[in-house]
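S.K.:
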Amino acid sequence: MRRLLLPLLLLLWLPAAAQDSRYLGTNAAVEFPEGLDWINTAQPLTLAGLQGRIVLLDFWTYGCINCVHVIPDLKALQEKYDEELVVIGVHSAKFSNEAVTDNIKMIAERYGRQEPIVNDAAFEIWRSYGMNAWPGFILIDPEGRVVGRHAGEGIFDLFDSIISEMIPVFEARGTLVRQPLHFGVGEVARPRSALRFPGKVLADADSGRLFIADSGNNRIVVTDFAGTVRQVIGSGTPELRDGAFSEAGFKSPQGLTLADHGTLYVADTGNHALRLIDLAAGTVTTVAGHGKQEYMFGMTSANGLVHGLNSPWDVLWLDSQVYVAMAGQHQLWRFDPTDGFLYLHAGSGHERLLDGPLRNAGLNQPSGLATDGQHLYIADSEASAIRRADLDPAGELVTLVGTGLFDFGDVDGTGEEVRLQHPKSVAWHDGQLFIADTYNHSIKQLDPGTRSVRRMLGESAAGFSDGSGLHTAFYEPGGLSVTDTHMFIADTNNHAVRIVDRGTGAVATLSLSDPDSLLVRPGPDSHDELIELPAVTAAPGAGSLRLLLSLPDGYVANHLAPLTISLSSDADATVSSAAELFTFAAPEYPLELTTPLQLAEGAAELAVDITIYYCQETDSRLCLIRQARLVQPLTVRPDAAGGDLTVNWQPPPLPR
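Every number in this note's numbering is 19 more than the matching position in the sequence shown, counting from 1.
(1) Going straight from the alpha carbon of tryptophan 668 to that of isoleucine 550, what length do you get?
(2) Do you know whose CA, among Tyr314, Gly661, Ser115, Ala398, lies nearest histidine 369's CA?
(3) Starting from tryptophan 336, follow its DSSP beta bridges and name the residues at the other end.
(4) From the DSSP output, read off the bridge partner residues of serine 585.
(5) Opposite alanine 576 in the DSSP bridges: which residues?
(6) Is it buried or exposed, histidine 364, if we count other Cβ atoms within 10 angstroms and call 16 or more buried?
(7) For the beta strand (DSSP E) containing glutamate 611, name the first residue and the last one.
(8) On the DSSP letters alone, give me the boundaries of the alpha helix (DSSP H) that glutamate 98 sits inside.
(9) Would the segment 125-133 and the segment 41-54 be scored as touching if the rule is three or more Cβ pairs under 8 angstroms?
(10) Between the C-alpha atoms of alanine 191 and glycine 621, what's the straight-line distance to the nearest angstrom?
(11) Could you give the C-beta distance for glycine 366 and leucine 351, rounded to a whole number, given that I count them as a contact under 8 angstroms?
(12) Out of Glu401, Gly268, Gly488, which has the shortest C-alpha to C-alpha gap to glycine 82?
(13) Check whether the Cβ atoms of alanine 292 and glycine 317 sit closer than 8 angstroms, and answer yes or no.
(14) Go ahead and pull the three-state DSSP assignment for proline 52.
(15) To the nearest angstrom, report how far apart valine 666 and leucine 567 are at their CA atoms.
(16) Excluding the 5 residues flanking valine 220 on each side, which residues of the same chain have their C-beta closer than 8 angstroms to its C-beta?
(17) Should leucine 489 be labelled buried (16 or more other beta-carbon atoms within 10 Å of its own) or exposed?
(18) Are the CB atoms of glycine 359 and asparagine 329 nearer to each other than 8 angstroms?
(19) Once you ignore the five residues that flank arginine 164 on each side, which residues in its own chain have a CB closer than 8 angstroms to its CB?
(20) Three or more C-beta pairs closer than 8 angstroms, one from the segment 585-592 and one from the segment 552-560: is that the case here?
(21) Between the beta-carbon of proline 12 and the beta-carbon of leucine 410, is there less than 8 angstroms?
(22) Nearest to alanine 525 by CA position, among Val555, Arg565, Glu495, Ser484, is which residue?
(23) Going by DSSP, which residues form a beta bridge with asparagine 46?
(24) Using a Cβ-Cβ cut-off of 8 angstroms (strictly less than) and excluding sequence neighbours within five positions of leucine 424, which residues of its own chain qualify?
(25) For valine 334, collect the residues of the same chain with a Cβ closer than 6 angstroms to its Cβ; drop the 5 residues on either side in sequence, then sort them by chain order.
(26) Spatial neighbours of alanine 408 within its chain, please: C-beta separation below 6 angstroms, excluding the five flanking residues on both sides.
(27) Find out if the Cβ-Cβ distance for the pair threonine 630, threonine 583 is shorter than 8 angstroms.
(28) Between proline 672 and the rest of its own chain, which residues show a CB-CB distance below 8 angstroms, the 5 nearest in sequence each way excluded?
(29) Less than 8 angstroms between the C-beta atoms of threonine 194 and glutamate 162, yes or no?
(30) Cα separation between proline 272 and leucine 298?
(31) Near asparagine 459, what residues of its chain come up, given a Cβ to Cβ distance below 8 angstroms and the 5 sequence neighbours on each side ignored?
(32) Using DSSP bridges, identify the partner residues of threonine 390.
(33) Under the three-state reduction of DSSP, which class applies to valine 207: helix, strand or coil?
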């Protein structure tokens, strides 16, 4: 992927004259084509309909690490200029898998992207604005004209300064509308499973432990190979915080590696940090990084506790060192625990598929590491390549399969005839390399000696099914770990871990025990789904709330976890209940719950909080969690007909 390395490289901007006219665009913005898919909005948007607002178009493709890096800046701009600015994501896919609307919806959920997003799969919008880099930006004034364009990361300060000066100019012209727009974000919500977008897995055969980077829940889950939960590491709050397991904070953790039986290193990707977990003491410590992305270009060493990292995606313990796949830097680094320093191992920092001496060679968003003890093997995601690096700093980096940044597909074979699509993980065992060919939804095997690749597991299309061989289905698997007897797969978009019996080839789904211990409980204002019901009126006196719960077709109750329902009101003087918490150990659906209320004249909002667990009927190992808050606005007045309220709710199925 062609992306710019400097964070504030301005491709084009109008002359920075002192006059206000510099913020008046000269060319009319090109209208969005009709017939494109939109998400995070109830209906397609038009630039004509957005006139009066400042519009920022973000051109992105979801596998691009640089595009991920700008998400916090986009959120900060939208929050600061909520009344004046509309951010629109224009998803112009590099990879064919990224052009599928359902996959874009999935990545939007994973990264918390709530702005309207249009699927520009045919590059119509891209071409109309003459774009040539991801991420790229077009700024449009309230009168519908293009003010300027930019490409690269580090966008907040740039656009903050320009937008802040645009606002008074267009306010004075009488063409600025200052009112937040609501696009129906959250109307289509996906249920959660006990795991959420697990990124990497690590199996330790000696202790029988499986470590799962539960990336979407910002934590590490430790189970045995049968799925019994042993430890949950991290509070679930996305923050950089050291301390005991229950207090520590991670943010989208990915790679895992054991230094010894009791020491686990974690690539804390979203925190741009390297974390050390003392499994015996039950503590988490930051050993490198400070929570913010930092560019390390031009450096060959860095003090871990002084400098920041750049999206570390995988880690590997070898010869008393931690090798780090620095995806955001297009490099490999090595962390030395004895002095706390990081040392550049491979990659010039330029994103390109180039072999040669380690520090001169080019890498392309390295996302997975493995070793045979003599070399490092790298899943070089953006080039759809598998690379091999010498351990000797004077050695070389060579390509085993993959031919270029835009050469991808789904082709088995040998050497240059092989095509992968954005592989994110590799695992070494018994002289063979196993590949999570992520965007091809499959697991493949590579013989490093012959450079031959064959498909082992998975259809070419996304899906979910156990079985064996090619009669199985995965959805963007992102992590692999292999033992003598089994292979463990982080099936990221299926929110599951899959287990392969290497003797029989059978694939099963890990069934986690004690799902209630894995529930990330929301704060008082945080739910998977917030539903405001139509306002109703009721008469003072004795009343009731009748709650009807059902499950979607094809789903059954998960009797390993309880259904919980709680009632509350923002005006207890108006609405009060004899009971406020209900727990059903083994619920049967449809379920009806009626509870008495006492109503007094006034206005209130009655909140019904529901935590429900349910499973696919055809495969009860794929279980979901939903935490919903139903808000019933209520006016109690003497002329109302009665005091009995009825609420119906059903959690959503897993979309396909």
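For every residue, glycine included, the Cβ atom is placed at its ideal position computed from N, Cα and C.
M.R.: So, to answer that:
(1) Counting from one through the sequence shown, the residue named residue 668 turns up at place 649. Counting from one through the sequence shown, the residue named residue 550 turns up at place 531. Tryptophan 668 and isoleucine 550 have their C-alpha atoms some 10 angstroms from each other.
(2) Within the sequence shown, residue 369 is the residue found at index 350, counting from 1. That would be Tyr314, whose Cα lies nearest to the Cα of histidine 369.
(3) The residue labelled residue 336 in the question sits at position 317 within the sequence shown. Tryptophan 336 pairs with Val341.
(4) Stepping through the sequence shown from its first residue, residue 585 is reached at position 566. Serine 585 pairs with Leu600, Asp628.
(5) By one-based count along the sequence shown, residue 576 stands at place 557. Answer by DSSP bridge pairing, in chain order: Tyr633.
(6) The sequence position of residue 364 within the sequence shown is 345, counting from 1. Histidine 364 counts as buried, since no fewer than 16 other beta carbons sit within 10 angstroms of its beta carbon.
(7) Within the sequence shown, numbered from 1, the residue matching residue 611 stands at position 592. Glutamate 611 -> beta strand (DSSP E) spans 610-618.
(8) As a working note, residue 98 is residue 79 in the sequence shown. Element bounds for glutamate 98: 90-99.
(9) They do not touch, by the three-pair rule.
(10) Stepping through the sequence shown from its first residue, residue 191 is reached at position 172. Stepping through the sequence shown from its first residue, residue 621 is reached at position 602. Roughly 44 angstroms separates the two Cα atoms.
(11) As a first step, residue 366 is located in the sequence shown; it is residue number 347 there, counting from the start. As a first step, residue 351 is located in the sequence shown; it is residue number 332 there, counting from the start. About 6 angstroms; that satisfies the 8 angstroms criterion.
(12) The residue labelled residue 82 in the question sits at position 63 within the sequence shown. Nearest option by C-alpha distance: Glu401.
(13) Within the sequence shown, the letter at position 273 stands for residue 292. Within the sequence shown, the letter at position 298 stands for residue 317. No; because the gap between Cβ atoms is not below 8 angstroms, this pair is not in contact.
(14) Translated into positions along the sequence shown, residue 52 becomes position 33. Coil.
(15) Locating residue 666 in the sequence shown gives position 647, where the first residue counts as 1. Locating residue 567 in the sequence shown gives position 548, where the first residue counts as 1. Straight-line Cα distance between these residues: approximately 6 angstroms.
(16) Residue 220 sits at position 201 when you count from the first residue of the sequence shown. If we look at valine 220 and ignore the five residues flanking it on each side, its Cβ neighbours are Leu229, Phe230, Ile231, Ala232, Leu275, Gly498, Leu499, Ser500, Phe507, Ile508, Ala509, Val516.
(17) Counted from its first residue, the sequence shown places residue 489 at position 470. Leucine 489 comes out exposed.
(18) Residue numbering aside, residue 359 sits at position 340 when the sequence shown is read from its first letter. Residue numbering aside, residue 329 sits at position 310 when the sequence shown is read from its first letter. At least 8 angstroms separates the beta-carbon of glycine 359 from that of asparagine 329.
(19) Counting from 1 along the sequence shown, the entry for residue 164 is found at position 145. In chain order, Leu43, Gly44, Thr45, Asn46, Ala47, Ala48 place their CB closer than 8 angstroms to the CB of arginine 164, counting only its own chain and leaving out the 5 sequence neighbours on each side.
(20) Fewer than three Cβ pairs drawn from the segment 585-592 and the segment 552-560 lie within less than 8 angstroms of each other, which leaves the two stretches out of contact.
(21) With the chain running from 20 to 675 in the structure shown, residue 12 is simply not present.
(22) Counting from one through the sequence shown, the residue named residue 525 turns up at place 506. Minimum Cα distance to alanine 525 is reached at Ser484.
(23) Counting from one through the sequence shown, the residue named residue 46 turns up at place 27. DSSP, once it has assigned bridges, lists Val165 as partnering asparagine 46.
(24) Translated into positions along the sequence shown, residue 424 becomes position 405. These residues qualify, in order along the chain: Met20, Arg21, Glu370, Arg371, Leu372, Asn383, Glu401, Ala402.
(25) The count along the sequence shown starts at 1 and reaches residue 334 at position 315. Taken in chain order, the residues that qualify are Gly274, Thr276, Tyr284, Ala286, Val341, Val343.
(26) The residue given as residue 408 occupies position 389 in the sequence shown. Ala365, Leu395, Leu416.
(27) Stepping through the sequence shown from its first residue, residue 630 is reached at position 611. Stepping through the sequence shown from its first residue, residue 583 is reached at position 564. Cβ atoms of threonine 630 and threonine 583: closer than 8 angstroms.
(28) Reading the sequence shown from its first residue, position 653 is the one you call residue 672. For proline 672, same chain residues with a beta-carbon under 8 angstroms away, outside a window of 5 residues either side, are Pro210, Pro571, Asp572, Gly573, Tyr574 in chain order.
(29) Here residue 194 refers to the residue found at position 175 when the sequence shown is read from its first residue. Here residue 162 refers to the residue found at position 143 when the sequence shown is read from its first residue. Going by C-beta atoms, threonine 194 is nearer than 8 angstroms to glutamate 162.
(30) Your numbering for residue 272 matches position 253 in the sequence shown. Your numbering for residue 298 matches position 279 in the sequence shown. Taking C-alpha positions only, proline 272 is separated from leucine 298 by approximately 17 angstroms.
(31) Indexing the sequence shown from 1 puts residue 459 at position 440. Cβ neighbours of asparagine 459 beyond the five flanking positions: Asn116, Asp429, Leu439, Gln440, Gly477, Ser479.
(32) By one-based count along the sequence shown, residue 390 stands at place 371. Answer is Leu395, bridged to threonine 390.
(33) The count along the sequence shown starts at 1 and reaches residue 207 at position 188. Summary for valine 207: the model assigns pLDDT 42, below 50, so the residue's position carries little reliability, and this model does not support an answer.
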